[in-house]
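*Asks:* If you're matching positions, the sequence shown starts at 14 in the working numbering and goes up one per residue. Glycine is no exception: its CB is placed at the ideal position from the N, C-alpha and C atoms. Pasting a structure below so you can have a look.
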Amino acid sequence: FFHRITITMDGGEESAVADFLQILEEHRKNCERQGKYVEAEIAKNRLEELKLHEENRRKEAMRSRQIAERLGVEEAHMLEFQQFNMVWDKKMEAYEVHAETLVEAMKVRHTKDLKEFQRKLLQKQARPKFSRELLNLRNIQEHLAKAKDYTEAHKMKLKADALEAWEIEKWRNQKQQEMFQQEAKFKHSKQQELIALQKRIQTGREEQKKRRQLDLERLLQRYQNVKSELEAQQNLERMRAAKQLQSGAFMNLQGRRTKNARS
14 FFHRITITMD
24 GGEESAVADF
34 LQILEEHRKN
44 CERQGKYVEA
54 EIAKNRLEEL
64 KLHEENRRKE
74 AMRSRQIAER
84 LGVEEAHMLE
94 FQQFNMVWDK
104 KMEAYEVHAE
114 TLVEAMKVRH
124 TKDLKEFQRK
134 LLQKQARPKF
144 SRELLNLRNI
154 QEHLAKAKDY
164 TEAHKMKLKA
174 DALEAWEIEK
184 WRNQKQQEMF
194 QQEAKFKHSK
204 QQELIALQKR
214 IQTGREEQKK
224 RRQLDLERLL
234 QRYQNVKSEL
244 EAQQNLERMR
254 AAKQLQSGAF
264 MNLQGRRTKN
274 ARS
């Protein structure tokens, strides 16, 4: 009898456990009524052994299932975390590409603007305004030439030419200095424009980092909430299972099955 039950339990399903215990309990009672106390003792011990085995099996099944549930939560979180990083990495990479495009476009435009500015500066250059002294020397030179005093006119011309060359050189140096100053001022304004753009880019970069951190914190908080909720549910399940075992709920189930079978 016991050998047959053992074989059946080894190959049976969880739903059949109570039936086995019911059969064994009926056998124990029959032995008790018939005065077969040795067999009744064997049946009682076997019944306790099977109940203990079933309790341990249920505990292990619940433990395995709860571990699988926790691993499922962990796996889902890791997949979500990987997806989060992939999305944000692409978003930040796209921002950097766009920012680099803006900077390069501004540099190209600045180079073009500088060339145009230099061209206009060169076009704006007027002839030098000679000094009164040089104009007087030229007048004297002309009067001497008209008076056919060519020797003195030649001397006066050499003196005027030297003064004119000096004034032209002075004017050129002055104009060149003015051009350098204007060009430096122009370059400075363009550099400030570039710095302003880079600051805006950096501000946008920092804002992106903050948004990523906030989204990450929300993701982690959701994970903690799910994890805490699962832990609470599993703790409650373990407490209920322990309470059922202590209150003999399993035997009550067996008793109900017996009552139903008799009715």
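Taking 8 Å as the cut-off, does the region 177-187 touch the region 211-225 (at least 3 CB pairs, one atom from each stretch)?
*Replies:* Output reads no: the region 177-187 does not touch the region 211-225.
*Asks:* Tell me where the alpha helix (DSSP H) around LYS168 begins and ends.
*Replies:* The residue given as residue 168 occupies position 155 in the sequence shown. Here the alpha helix (DSSP H) through LYS168 covers 163-259.
*Asks:* Just curious, the alpha helix (DSSP H) that SER144 is in, first and last residue?
*Replies:* The count along the sequence shown starts at 1 and reaches residue 144 at position 131. Taken as a continuous stretch (DSSP letters only), SER144 belongs to no alpha helix (DSSP H), as it is neither H nor E.
*Asks:* Less than 8 Å between the beta carbons of ALA173 and LEU157, yes or no?
*Replies:* In the sequence shown, counting from the first residue as 1, residue 173 sits at position 160. In the sequence shown, counting from the first residue as 1, residue 157 sits at position 144. For ALA173 and LEU157, no; Cβs fall outside 8 Å.
*Asks:* Report whether the distance from the Cβ of LYS104 to the nearest heavy atom of the ligand NAD is below 7 Å.
*Replies:* Only the bare structure without any ligand can be found here, which leaves the ligand NAD out of the picture.
*Asks:* On the three-state DSSP scale, how would you describe ARG133?
*Replies:* Position 120 of the sequence shown, counted from the first residue, corresponds to residue 133. Strictly speaking, residue 133 in this sequence is Lys, with Arg absent from that position. In the structure shown, LYS133 sits in a helix (DSSP, three-state: H, G or I).
*Asks:* I need the DSSP call for LYS125, collapsed to helix, strand or coil.
*Replies:* In the sequence shown, residue 125 corresponds to position 112, counting from 1. DSSP places LYS125 in helix when its eight states are reduced to three.
*Asks:* For the alpha helix (DSSP H) containing LYS49, list its first residue and its last residue.
*Replies:* In the sequence shown, counting from the first residue as 1, residue 49 sits at position 36. First-last for LYS49: undefined, no H or E at that position.
*Asks:* How many angstroms separate the CA atom of LYS159 from the CA atom of LYS170?
*Replies:* In the sequence shown, residue 159 corresponds to position 146, counting from 1. In the sequence shown, residue 170 corresponds to position 157, counting from 1. Whole-angstrom Cα-Cα distance: 13 Å.
*Asks:* How many Å lie between LYS64 and ASN98 at the Cα?
*Replies:* Sequence index remark: in the sequence shown, residue 64 carries index 51 (1-based). Sequence index remark: in the sequence shown, residue 98 carries index 85 (1-based). C-alpha separation (whole angstroms): 51 Å.
*Asks:* Taking the beta carbon of VAL110 as the centre, do at least 16 other beta carbons fall within 10 Å, making it buried, or is it exposed?
*Replies:* Residue mapping note: residue 110 aligns to position 97 of the sequence shown, counting from 1. Exposed, since its Cβ has fewer than 16 Cβ neighbours within 10 Å.
*Asks:* Residues in its own chain within less than 7 Å of GLN131 by CB, not counting five upstream and five downstream?
*Replies:* On the sequence shown, residue 131 is found 118 positions in, with the first residue counted as 1. Closer than 7 Å at the Cβ level, and outside the excluded window around GLN131, lie GLU196.
*Asks:* Do you know how far the Cα of ALA112 is from the Cα of LYS133?
*Replies:* Translated into positions along the sequence shown, residue 133 becomes position 120. Translated into positions along the sequence shown, residue 112 becomes position 99. Each residue's Cα considered, the two are about 31 Å apart.
*Asks:* Helix, strand or coil: which one does DSSP assign to ALA53?
*Replies:* By 1-based counting over the sequence shown, the position of residue 53 is 40. ALA53 falls in the helix class under three-state DSSP.
*Asks:* Buried or exposed: VAL100, going by 16 or more other Cβ atoms within 10 Å of its Cβ?
*Replies:* For the purposes of this step, residue 100 is taken as the residue at position 87 of the sequence shown. Label assigned to VAL100: exposed.
*Asks:* Among the residues of its own chain, which have a CB less than 6 Å from the CB of ILE153, if the five just before and after it don't count?
*Replies:* Here residue 153 refers to the residue found at position 140 when the sequence shown is read from its first residue. Counting only Cβ-Cβ distances below 6 Å, and skipping sequence neighbours, we find MET169.
*Asks:* My understanding is that GLN247 touches MET105, with C-beta atoms under 8 Å, so please give their C-beta distance in whole angstroms.
*Replies:* Taking the first residue of the sequence shown as 1, we reach residue 247 at position 234. Taking the first residue of the sequence shown as 1, we reach residue 105 at position 92. Their Cβ separation, rounded to whole angstroms, is 38 Å, which puts GLN247 and MET105 out of contact at 8 Å.
*Asks:* Could you tell me the alpha carbon to alpha carbon distance between LYS200 and GLN96, rounded to whole angstroms?
*Replies:* Counting from one through the sequence shown, the residue named residue 200 turns up at place 187. Counting from one through the sequence shown, the residue named residue 96 turns up at place 83. So the alpha carbons of these two residues sit roughly 45 Å apart.
*Asks:* Measure the alpha-carbon distance for GLU54 versus ILE36 and round it to whole angstroms.
*Replies:* If you number the sequence shown from 1, residue 54 lands on position 41. If you number the sequence shown from 1, residue 36 lands on position 23. Near 15 Å, if we compare the C-alpha coordinates of ILE36 and GLU54.
*Asks:* Please report how far the alpha carbon of GLU52 lies from the alpha carbon of ALA29, in whole angstroms.
*Replies:* Locating residue 52 in the sequence shown gives position 39, counting from the first residue. Locating residue 29 in the sequence shown gives position 16, counting from the first residue. Looking at the two C-alpha atoms, the distance is approximately 23 Å.
*Asks:* Tell me whether the region 230-249 and the region 84-96 touch, counting them as touching only if at least three CB pairs, one residue from each stretch, are closer than 8 Å.
*Replies:* Touching, yes.
*Asks:* Contact defined as beta carbons within less than 8 Å: I believe ARG41 pairs with ALA31. What is the distance between those atoms, to the nearest angstrom?
*Replies:* Counted from its first residue, the sequence shown places residue 41 at position 28. Counted from its first residue, the sequence shown places residue 31 at position 18. Actually they do not touch by this definition, with Cβ atoms about 15 Å apart.
*Asks:* Roughly how far, in whole angstroms, is the beta-carbon of LYS203 from the beta-carbon of HIS123, given that I think they are within contact range, below 8 Å?
*Replies:* The residue given as residue 203 occupies position 190 in the sequence shown. The residue given as residue 123 occupies position 110 in the sequence shown. The pair is a contact, with the Cβ atoms about 4 Å apart (cut-off 8 Å).
*Asks:* Please classify ALA160: does DSSP put it in a helix, a strand, or coil?
*Replies:* For the purposes of this step, residue 160 is taken as residue 147 along the sequence shown, with counting starting at 1. In this structure, ALA160 counts as coil in the three-state DSSP scheme.
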